[in-house]
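Colleague: There's a structure below that I have some questions on.
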Amino acid sequence: MKTVGLKCTKCGAMEELRNVYNCPKCGGILEVEYDYGTLPQSLSTPGATGIWRFLELLPVNQKFCTTLGEGNTPLLKASQLGAVLGVDNLYFKNEGCNPTGAFKDRPMAVGISKALESGAHTVITASSGNGGASLAAYAARFNLKSVVVVPVNTPLNKVNQAIMHGAKLVKVNGPYSNSFHIAKAAAEKFGWVNMTTTFINPYTMEGNKTISYEIIESLGKNVPDWILMPVGAGPMLVGIWRGLLDLKRMGLIEKLPKLAAVQSERCSPIDRAFREGEREVKSWEGECNTIASGIADALNGYSQDGTLTLKCILESGGNVVTVNEDEIWESVSALAKYEGIYAEPTGAVTVMAVRKLIKQGIISSHHTVVSIVSGNGLKSSMLSPDIKVEPPVVESVEEMEALMQS
Ligand SMILES: *Cc1c(COP(=O)(O)O)cnc(C)c1O
Ligand SMILES: [Zn+2]
Numbered sequence: 311m312k313t314v315g316l317k318c319t320k321c322g323a324m325e326e327l328r329n330v331y332n333c334p335k336c337g338g339i340l341e342v343e344y345d346y347g348t349l350p351q352s353l354s355t356p357g358a359t360g361i362w363r364f365l366e367l368l369p370v371n372q373k374f375c376t377t378l379g380e381g382n383t384p385l386l387k388a389s390q391l392g393a394v395l396g397v398d399n400l401y402f403k404n405e406g407c408n409p410t411g412a413f414k415d416r417p418m419a420v421g422i423s424k425a426l427e428s429g430a431h432t433v434i435t436a437s438s439g440n441g442g443a444s445l446a447a448y449a450a451r452f453n454l455k456s457v458v459v460v461p462v463n464t465p466l467n468k469v470n471q472a473i474m475h476g477a478k479l480v481k482v483n484g485p486y487s488n489s490f491h492i493a494k495a496a497a498e499k500f501g502w503v504n505m506t507t508t509f510i511n512p513y514t515m516e517g518n519k520t521i522s523y524e525i526i527e528s529l530g531k532n533v534p535d536w537i538l539m540p541v542g543a544g545p546m547l548v549g550i551w552r553g554l555l556d557l558k559r560m561g562l563i564e565k566l567p568k569l570a571a572v573q574s575e576r577c578s579p580i581d582r583a584f585r586e587g588e589r590e591v592k593s594w595e596g597e598c599n600t601i602a603s604g605i606a607d608a609l610n611g612y613s614q615d616g617t618l619t620l621k622c623i624l625e626s627g628g629n630v631v632t633v634n635e636d637e638i639w640e641s642v643s644a645l646a647k648y649e650g651i652y653a654e655p656t657g658a659v660t661v662m663a664v665r666k667l668i669k670q671g672i673i674s675s676h677h678t679v680v681s682i683v684s685g686n687g688l689k690s691s692m693l694s695p696d697i698k699v700e701p702p703v704v705e706s707v708e709e710m711e712a713l714m715q716s
């Protein structure tokens, strides 16, 4: 599909495809605009793998496609957890199976491809951890210098990942938004490509479209009624929505799924606007101190990101749900115990959100529901509150036998 340029979601101004971050005229979010008259006939390109099967629907020149094997993640039917929650057709899209353990590899693969196309030498991202680990891995593989800016409380395993891949990693005090602004200023000052996966880089979000292509490819005629996902600023949600609209234009689906965003009660600016019937999201004043650190985004200074996300939620007829700290751990535990999926806390939040939407009568038992598990449990270095005692040490089968009976 041909690209036309970058279009401002606020004032409609068009920009050429290049490294430009917000609308030069009004500061609005830029999105890739395509000529939909040139939509491909089929969804995927034979012979290609992972997200690059959808190259025809992405703004990348084939010569610059970069890959670590992202995409093609399993969509697992959750029969046991479905029965517990009361949904017949519940699926989990396990994005923890991506090369660096989170869905961020999809936006990074696209963003890095565009950065290489533009002749970049250094890339930078602000990140709650996963984006930085992903950027560092792609940069290592494709010979770019990478700089990663994370909040001081970022989980150790994510920090280790980025550093092991050779990133120059710096920490910033305060919530994620502080890291966002430092990375932005550094990119401007040093001429680095800003790969921050909010909405600042117009290409990264395009990679998230591939999540919806894969879901529809897997489910065929059984188009989900609901797709739930963890949401910070929301580029995953907006990307999934853009992907679904592509599928509808191509005639591959007739109805559009409703999208539900899940936020942590301790940082839920999009939820607040949704509850209050506001169209405009305001930044969050609280501390955002939640175990779901991957979605702890106060949107300080870029609340328009939340507004764009909310717009897509409303367009889909969707919903917004918050979960508290106990419910987040309950979600991690339920995924692990019933479905064999180990998720980081942020990645699991949709589980208890499904339960809430069922209780409210918004999701019903015959609906087909897809939940995105956005990140791998190996990413978090915290001991789960489920683990209350040290595992016992035994020296004989007899001792073991005694333990098995208790
Ligand atoms: C980045 C991240 C999110 C948040 O997604 P957004 O699209 O930025 O709102 C959710 N889960 C995990 C594991 C993440 O790393
Ligand atoms: Zn504009």
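The sequence shown runs 311 to 716 under the working numbering.
By construction, the Cβ of each residue, glycine as well, lies at the ideal position given by its N, Cα and C atoms.
Using a strict less-than 5 Å threshold between each residue's beta carbon and the heavy atoms of ligand 2, what residues do you get?
Modeller: Per the Cβ criterion, the list is Cys-318, Lys-320, Cys-321, Ala-323, Cys-333, Lys-335, Cys-336 and Gly-338.
Colleague: Can you check which of these residues, Pro-540, Val-342, Met-505 and Thr-383, is closest to Ser-489 by C-alpha distance?
Modeller: Answer by Cα proximity: Met-505.
Colleague: Could you pull the DSSP bridge partners for Gly-685 from this structure?
Modeller: Note: Gly-685 sits in a beta bridge opposite Ala-412.
Colleague: Sorted by chain position, which residues of the same chain lie with C-beta nearer than 6 Å to Leu-400's C-beta, five sequence neighbours on each side aside?
Modeller: Correct list, in chain order: Ala-388, Gly-392 and Val-679.
Colleague: Using only CA atoms, which one of Ile-673, Gly-628, Cys-622 and Ser-684 lies nearest to Ile-651?
Modeller: Among Ile-673, Gly-628, Cys-622 and Ser-684, the Cα nearest to that of Ile-651 belongs to Ser-684.
Colleague: Please specify which runs of the alpha helix (DSSP H), each continuous and at least 4 residues long, are wholly inside the stretch 408-463, giving them in chain order.
Modeller: If we require 4 residues or more, the alpha helix (DSSP H) runs fully inside the stretch 408-463 come out as 415-427 and 440-451.
Colleague: Alpha carbon to alpha carbon, how far is Met-714 from Tyr-448? Give it in angstroms, no decimals.
Modeller: If I take the Cα positions, the gap works out to 46 Å.
Colleague: Please confirm whether Gly-421 and Thr-514 have their CB atoms less than 7 Å apart.
Modeller: Yes.
Colleague: Please state whether DSSP places Leu-609 in a helix, a strand or coil.
Modeller: Three-state DSSP puts Leu-609 in coil, outside helix and strand.
Colleague: What does a CB cutoff of less than 8 Å around Leu-365 pick up in its chain, not counting 5 residues either side in sequence?
Modeller: Thr-355, Ala-358, Gln-372 and Cys-375, listed in sequence order.
Colleague: For the beta strand (DSSP E) containing Tyr-331, name the first residue and the last one.
Modeller: Run containing Tyr-331: none; DSSP gives neither H nor E here.
Colleague: In terms of DSSP beta bridges, what is Thr-751 paired with?
Modeller: Within the shown structure, residues of the chain are numbered from 311 to 716, placing residue 751 beyond reach of any answer.
Colleague: Please say whether Asn-518 and Pro-384 have beta carbons closer to each other than 7 Å?
Modeller: Against a cut-off of 7 Å, the Cβ pair of Asn-518 and Pro-384 comes out as no contact.
Colleague: Can you confirm whether the stretch 528-544 touches the stretch 608-628 when touching is taken to mean that 3 or more C-beta pairs between the two stretches lie within less than 8 Å?
Modeller: Contact between the stretch 608-628 and the stretch 528-544 is present, because at least three Cβ pairs lie under 8 Å.
Colleague: If you follow the beta strand (DSSP E) that Leu-400 is in, where does it begin and where does it stop?
Modeller: Element bounds for Leu-400: 399-404.
Colleague: Please determine, among Ser-444, Ser-437, Thr-432 and Asp-556, the residue with the shortest C-alpha to C-alpha distance to Pro-409.
Modeller: Checking every option, the nearest Cα to that of Pro-409 belongs to Ser-444.
Colleague: When DSSP labels each residue in this structure, what does Pro-579 get in the three-state scheme?
Modeller: Pro-579: helix per DSSP, three-state reduction.
Colleague: Once DSSP output is grouped into helix, strand and coil, what is the label at Thr-508?
Modeller: Coil.
Colleague: With a threshold of 6 Å (Cβ to nearest heavy atom), would Pro-409 be considered close to ligand 1?
Modeller: Answer for Pro-409: no, Cβ out of range of ligand 1.
Colleague: Where does Lys-414 land, buried or exposed, given buried means 16+ other C-beta within 10 angstroms?
Modeller: Its Cβ being crowded by 16 or more others within 10 Å, Lys-414 is buried.
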